[in-house]
Amino acid sequence: MKEKSYAKINLTLDITGVLPNGYHSLCSVMHSVNLYDIVTVTMTKTGTIEIKTNVSFIPTDRKNHAYRAAELFFEETGIKNEGILIEIEKNIPVCAGLAGGSSNAAAVLKILNQCYETKLSVEQLCKIGYRIGADVPYCIHGGTMLAEGIGEKLTPLPSLPEIPIVLAKPRFGVSTPQAFQQWDKINQPEHPDTLKMIEAIKNKDLHSIGLYLSNTLEAPSFEIIEKTRKNPIPEIKRSMMQCGALGTLMSGSGPTVFGLFPLMEQAEIAAEHLKTMVDDVFVTTT
Ligand code: C5P
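Going by the working numbering, the sequence shown opens with residue 912, and the numbers climb by one from there.
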């Protein structure tokens, strides 16, 4: 059985507190984008969980969220694992701030729920997903959502029309735990205006959506990046804005930058410019 596993972007990402376990409480407007991996699950008779992907450096053991998803599914349902093969055709860049791994885990949970006819509700799947990673419950739902708690308290927002998007992923990755730890050290972090973003979404006001794009993890991620290299993100953003972007932002803990464009032609021109600066550039839509 196959499932498309969509990437997400954060239109806003605010940190509202630090919890006793070191996790951070969030307030984030999240949106699915039309860039996806394809996850296929096949029954085998090996008695194991096997993962195959087209990207050599992705872990194929418990460190892979998709593996954990299968393991927890069998644990929670009490079903004996006779053996499954999870094949992941990766198109979403890895360690990129696009929730690719969480989205793969969400797809595995949905597929296994269908394959074994376990009829777990979306809420039950989200409870399992929450144990895997903070973004997994969102990925089970997808769409336009306000995510709170550590990312598991989800409120649907009105969906947006298809907005052309360019995603540019610099070659390096940013560690999510490190970005959150760096945020802890920042004295007066900037906070996005989440309410203004929600209002802009309700009004389908694309210019205001562009204006209120804001991510409190940008500053700490930039500090981490700048420890080892020249940060390419400001230049990527400038290039997108020069090509007519409504707004640009780093997604999640980065380093992927997205730009929202009024017209597909502008997005395509921006992508051509960016290909001279960045290896991974995608033109897609919300
Ligand atoms: O849950 P996920 O695997 O996406 O999180 C990776 C890391 O990011 C966590 O181990 C934690 O250090 C940090 N994190 C956090 N607060 C969140 C989500 C993630 O501190 N709400």
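Beta carbons are placed, not taken as given, at the ideal position from N, Cα and C, and that holds for glycine.
query = Just curious, the beta strand (DSSP E) that Gly1054 is in, first and last residue?
reply = Per DSSP, Gly1054 belongs to no beta strand (DSSP E) and is neither H nor E.
request  = Taking Ala1111 as part of the alpha helix (DSSP H), name the residues at either end of that continuous run.
outcome  = Thr1105 to Lys1113
message = Under 8 Å: do the region 994 to 1004 and the region 955 to 970 share three or more Cβ pairs, one atom per stretch?
response = By the C-beta criterion, the region 994 to 1004 is judged to be in contact with the region 955 to 970, since at least 3 inter-stretch pairs fall below 8 Å.
message = Determine whether the beta carbon atoms of Val950 and Ser916 lie at a separation below 8 Å.
response = yes
query = So does Ile1039 have its beta carbon nearer than 7 Å to some heavy atom of ligand 3?
reply = Ligands displayed in this structure: ligand 1; ligand 3 is not among them.
query = Going by the C-beta, is Ala1045 closer than 7 Å to any heavy atom of ligand 1?
reply = yes
request  = Could you pull the start and end residues of the alpha helix (DSSP H) that Cys1026 belongs to?
outcome  = Gly1011 to Cys1026
key: Ranges of the beta strand (DSSP E) found wholly within the region 971 to 1007, counting only runs of at least 3   = 995 to 1000
Validate contact between the region 1075 to 1085 and the region 1129 to 1144 using beta carbons, cut 8 Å, 3 pairs = Judged by Cβ distances under 8 Å, the region 1075 to 1085 makes contact with the region 1129 to 1144, as three or more pairs qualify.
task = Throw me the rounded Cβ distance for the Val929 and Asp1046 pair, which I believe falls under 8 Å.
result = So it is not a contact: roughly 18 Å between Cβ atoms.
query = Just to confirm, does Ile1112 get its C-beta within under 7 Å of one of the non-hydrogen atoms of ligand 1?
reply = A distance criterion of 7 Å places the beta-carbon of Ile1112 beyond contact range of ligand 1, judged by its closest non-hydrogen atom.
ask   = Whole-angstrom Cβ separation of Ala918 and Gly1011, contact assumed at under 8 Å?
value = Contact annotation, Ala918 with Gly1011: C-beta distance approximately 6 Å; criterion of less than 8 Å satisfied.
request  = With a 10 Å radius around its C-beta and 16 neighbouring C-beta atoms as the bar for buried, classify Ile990 as buried or exposed.
outcome  = exposed
ask   = For ligand 1, any of its heavy atoms closer than 7 Å to the Cβ of Ser943?
value = no
Cβ pair Glu1101, Thr1127 closer than 8 Å = yes
ask   = What separation, rounded to the nearest whole angstrom, lies between the Cα atoms of Ser1014 and Cys1154?
value = Going from the Cα of Ser1014 to the Cα of Cys1154 covers about 30 Å.
query = Exposed or buried, which one is Met912 when buried takes at least 16 other CB atoms within 10 Å?
reply = Around the beta carbon of Met912, fewer than 16 other beta carbons sit within 10 angstroms, so the residue counts as exposed.
message = Could you check if Tyr917 belongs to the surroundings of ligand 1, using beta carbon to heavy atom distance under 7 Å?
response = no
task = Report whether the distance from the Cβ of Gly1008 to the nearest heavy atom of ligand 1 is below 7 Å.
result = Distances between the C-beta of Gly1008 and the heavy atoms of ligand 1 are all 7 Å or more.
Contact set for Ala977: own chain, Cβ-Cβ below 8 Å, skip 5 residues either direction = Val950, Ile962, Ile997, Ile999, Gly1012, Asn1015, Ala1016, Ala1018 and Val1019
key: Reduced DSSP category for Tyr1041 - H, G, I as helix; E, B as strand; rest coil   = Reduced to three states, the DSSP call for Tyr1041 is helix.
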